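Working notes, beginning with the structure itself.
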Amino acid sequence: MYKRRRVLGTYLGVAVATVLLSGITPILDSPPWEVVLAGAVFLIANQLIYSYPRAIRSAPPIMLLILGAIGVVQDTLLWLLVSWLGSRMDYGLHVDGFLTAVLGGVVVRATVLLLMAVGPQPAPETS
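Here it is, written out as structure tokens:
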């Protein structure tokens, strides 16, 4: 359940950033498929580099700040990767600059963390 919210939050964050930020534009005229491609790049990278707390509500605030900052850097680099891949494939999303990529990273990370905080939390590990 927690993983599904992370996946949904990633796709939703990419879509929201594409709609809200004028610097993120589709290369062709088929935006839904281009957003799906960008979301797939985000999902693959986020599965390889996992930077989310186990349980959002019970995590210490300093941990949320550190993981949030790492996540924004990660998502910023992913926006730049998506833009570079899109320019190579002539398909996908184009990001105008570094500041737009940073704002896109903030939007994606905030959306994912918000959806992870909603609903039941995973059971704490006992040792």
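First residue of the sequence shown? That's 2 in our numbering, and the numbers climb one at a time after it. Glycine is no exception: its CB is placed at the ideal position from the N, C-alpha and C atoms. These numbers were taken from a predicted model, which means no experiment stands behind them.
Residue i burial status per 10 Å Cβ neighbour count (16 or more: buried)
{"i": "ILE57", "result": "buried"}
{"i": "ALA70", "result": "exposed"}
{"i": "TRP80", "result": "buried"}
{"i": "LEU68", "result": "buried"}
{"i": "TYR51", "result": "exposed"}
Three-state secondary structure assigned by DSSP to residue i
{"i": "VAL83", "result": "helix"}
{"i": "LEU114", "result": "helix"}
{"i": "VAL96", "result": "strand"}
{"i": "PRO27", "result": "strand"}
{"i": "ILE57", "result": "coil"}
{"i": "TYR51", "result": "coil"}
{"i": "VAL119", "result": "coil"}
{"i": "ASP91", "result": "coil"}
{"i": "LEU65", "result": "helix"}
{"i": "LEU21", "result": "helix"}
Own chain residues within Cβ distance below 7 Å of residue i, not counting five before or after
{"i": "GLY87", "result": "ILE28, GLY93, LEU94, HIS95"}
{"i": "PRO62", "result": "none"}
{"i": "ARG33", "result": "Contrary to the premise, residue 33 reads as Pro rather than Arg in this sequence. Closer than 7 Å at the Cβ level, and outside the excluded window around PRO33, lies no residue."}
C-beta contact flag for residue i and residue j at 8 Å
{"i": "ILE25", "j": "THR101", "result": "yes"}
{"i": "VAL113", "j": "GLY14", "result": "yes"}
{"i": "VAL83", "j": "ALA39", "result": "yes"}
{"i": "MET90", "j": "GLY10", "result": "no"}
{"i": "LEU49", "j": "GLY105", "result": "no"}
{"i": "VAL73", "j": "VAL107", "result": "yes"}
Cβ neighbours of residue i in the same chain (closer than 6 Å, five flanking residues each side left out)
{"i": "THR19", "result": "ILE25, VAL36"}
Sequence-distant residues of the same chain with beta carbon closer than 8 Å to residue i, five excluded per side
{"i": "VAL8", "result": "LEU44"}
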